[in-house]
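In what follows, a structure is listed as structure tokens, so that the remarks can point back to it.
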Amino acid sequence: MNDMRAIADRVEIEALRAEVTDAVMMRDYDRVASLFTPDGAIRWPHISKEFVGREEIRAGIEWGQGLWEFFVQHAHPGIIRLDGDTAAGRAYIQEFGRMHDGRSHLNYALYHDRYQRTADSWRFSERVYEVRYFDSTALAGSAPSATS
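According to UniProt numbering, the sequence shown is numbered sequentially starting from 1.
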């Protein structure tokens, strides 16, 4: 593989990671699901949840986002290892928010990713979430009201 192809692949994978964060934050569940291969998977071992295939992924993300009063995710780029039409990498995540039941949530985590080149673009074939730090201390702030 030539250097320009590797550079383009890395840029496309970074764009994929940015788009999935945007889709989650905007609650665009169809877009989230479209960023995975048809047999792709999201695994959240810390809560014993796994979603395989685009339909399950879409439903799983909608279920998860439905638990939150407000939710903010910051994603930071990590390593990408290219191997032809597949790749592996990590994204570093900080999330915080408050659940509808009043519990607060702050965590630092990793997504261990696998990517697949498709006819359209790079897609996730798997994302495995690993929480490294969790804090349930009540958040002092709040989400702005719609009338503010």
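Note that beta-carbon positions come from the ideal geometry of N, C-alpha and C, so glycine has one too.
Exercise. Are the stretch 96-108 and the stretch 61-69 touching by the rule of at least three beta carbon pairs closer than 8 Å?
Worked result: Yes: the two stretches touch, three or more of their Cβ pairs being nearer than 8 Å.
Exercise. Among all the DSSP beta bridges, which residues are the ones paired with I42?
Worked result: DSSP lists F51 and R127 as partners of I42.
Problem set entry | Three-state secondary structure (DSSP) of G64 | Reduced to three states, the DSSP call for G64 is helix.
Exercise. Under a three-way DSSP split, which group does R31 fall into?
Worked result: Taken through DSSP and simplified to helix, strand or coil, R31 comes out as helix.
For this session: Quick one: which unbroken beta strand (DSSP E) runs of 3-plus residues sit fully inside the stretch 53-114? Chain order, please.
Result: Fully enclosed beta strand (DSSP E) runs of 3 or longer: 68-83 and 86-99.
Exercise. Is it true that the stretch 41-61 meets the stretch 87-94, where meeting means three or more beta-carbon pairs spaced less than 8 Å apart?
Worked result: Three or more beta-carbon pairs separated by less than 8 Å are not found between the stretch 41-61 and the stretch 87-94, which leaves the two stretches without contact.
Problem set entry | Span of the alpha helix (DSSP H) around L139 | Per DSSP, L139 belongs to no alpha helix (DSSP H) and is neither H nor E.
Exercise. For I13, which option in F134, D83 and A109 has the closest C-alpha, if you only look at C-alpha atoms?
Worked result: Relative to the Cα of I13, the nearest Cα in the group F134, D83 and A109 belongs to D83.
Exercise. Helix, strand or coil: which one does DSSP assign to T118?
Worked result: T118 falls in the coil class under three-state DSSP.
Exercise. Quick one: is F134 buried, meaning 16 or more other Cβ sit within 10 Å of its Cβ, or exposed?
Worked result: Burial call: exposed.
Problem set entry | Spatial neighbours of R132 in its chain, beta-carbon cut-off 7 Å, leaving aside the 5 residues before and after | Hits under 7 Å: Y108, A109 and L110.
Exercise. Can we say the stretch 26-36 touches the stretch 2-9, given the rule of at least three CB pairs closer than 8 Å?
Worked result: No, because fewer than three Cβ pairs between the stretch 26-36 and the stretch 2-9 fall closer than 8 Å, the two stretches do not touch.
For this session: Give the C-beta separation of T118 and T37 to the nearest angstrom, bearing in mind that I take them to be a contact with Cβ-Cβ under 8 Å.
Result: Contact holds; Cβ gap of about 7 Å.
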